[in-house]
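The numbering of the sequence shown is my numbering, which starts it at 19 and goes up by one. All residues carry an ideal CB built from backbone N, CA and C; glycine is no exception. Here the structure is a predicted model, which means the values were calculated and not measured. Just below is one structure, and these are the notes that go with it.
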Amino acid sequence: IGPAMTRIFLHLLLLILLFTLQVSFIQALPYPLDRIPLVLVVTIYLYQYSNQTSIWWWLISYGFVLDLLAISVAPFEALSYAFAAFTMVLLVGHVFTNRSIYGMAGTALLCLVVLVLSELTLVGTAHLFISTRFSWQDVVFSGLWSMGFACFLLLFIFPFLRRIRSFLSKRLLERL
């Protein structure tokens, strides 16, 4: 197995671990703790700080997982997370620096704003075709909780993630 296959295997292993943690543990917490956007924050960290530009698809994959398990606030979460991933790529490439916690917080907040607007649009569109209650308050309050938890995660987990990245790069990547 070459270095490229090892990287792909490590990416898939981390992605499965992250999705399992988000869907099995965090989603089972009581409201509002179930709104912790761990997948979004880790993806932004790896994309922006670690400069691993090949993981933007993690957000779209998470949207597919939410659609598949039907545990999301809005329908077609893959589309909403695709908009968030596109926003992340644009913000990192043209607006925020890659080494600043403030830049990552700004990217996370703006991605969550795009995610909430997209979810509101999808819920509103679904309401036009299906006679269900239009629950825009649920989407907005979930988004606000997610924004607060994203900043909290970045504030307290950012140094921890830097240490893990340093440890892994010394232990695993030097051997490849």
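Alpha-carbon to alpha-carbon, residue j and residue i
i	j	result
S136	G81	12 Å
Y65	G111	10 Å
L36	L84	13 Å
Y63	M122	7 Å
R25	T71	13 Å
V57	G142	25 Å
L172	F27	26 Å
F104	S149	31 Å
S184	F178	10 Å
W154	S160	10 Å
A96	S90	10 Å
I156	V113	Per the sequence presented here, residue 156 reads as Asp, with Ile not at that position. Between D156 and V113, the C-alpha separation is close to 30 Å.
K188	L32	18 Å
N69	P50	31 Å
F147	I34	35 Å
Residues near residue i in its chain [Cβ-Cβ closer than 6 Å; skip 5 each side]
i	result
P93	L140 and A144
Y120	none
Supposed close pair residue i, residue j - CB separation, criterion 8 Å
i	j	result
A126	A168	4 Å
W74	M23	That pair is no contact at about 21 Å.
L108	S164	Not confirmed; about 20 Å, so no contact.
L87	V41	7 Å
Residue i classed as buried or exposed, judged by whether at least 16 other C-beta atoms fall within 10 angstroms
i	result
P55	buried
S98	buried
S118	exposed
T115	exposed
Y67	buried
Residues near residue i in its chain [Cβ-Cβ closer than 8 Å; skip 5 each side]
i	result
L47	I54
A100	L77, I78 and G81
D52	I44, Q45 and A46
Y158	A small correction: the amino acid at residue 158 is Val; Tyr does not occupy that position in the sequence shown. Cβ within range, chain order: V134 and L138.
Three-way DSSP call (helix, strand, coil) for residue i in this model
i	result
A30	Looking at the sequence shown, residue 30 is not Ala but Leu. Correct three-state label for L30: helix.
F94	coil
A126	helix
I182	helix
Residue-level contact to chain D via CB, residue i, 8 Å cutoff
i	result
Q45	This model lacks chain D altogether; it includes just one protein chain.
Close-in-space but distant-in-sequence residues of the same chain around residue i (CB under 7 Å, 5 per side omitted)
i	result
T61	I73, W76 and L77
V132	F101, A102 and T105
L128	T105 and L109
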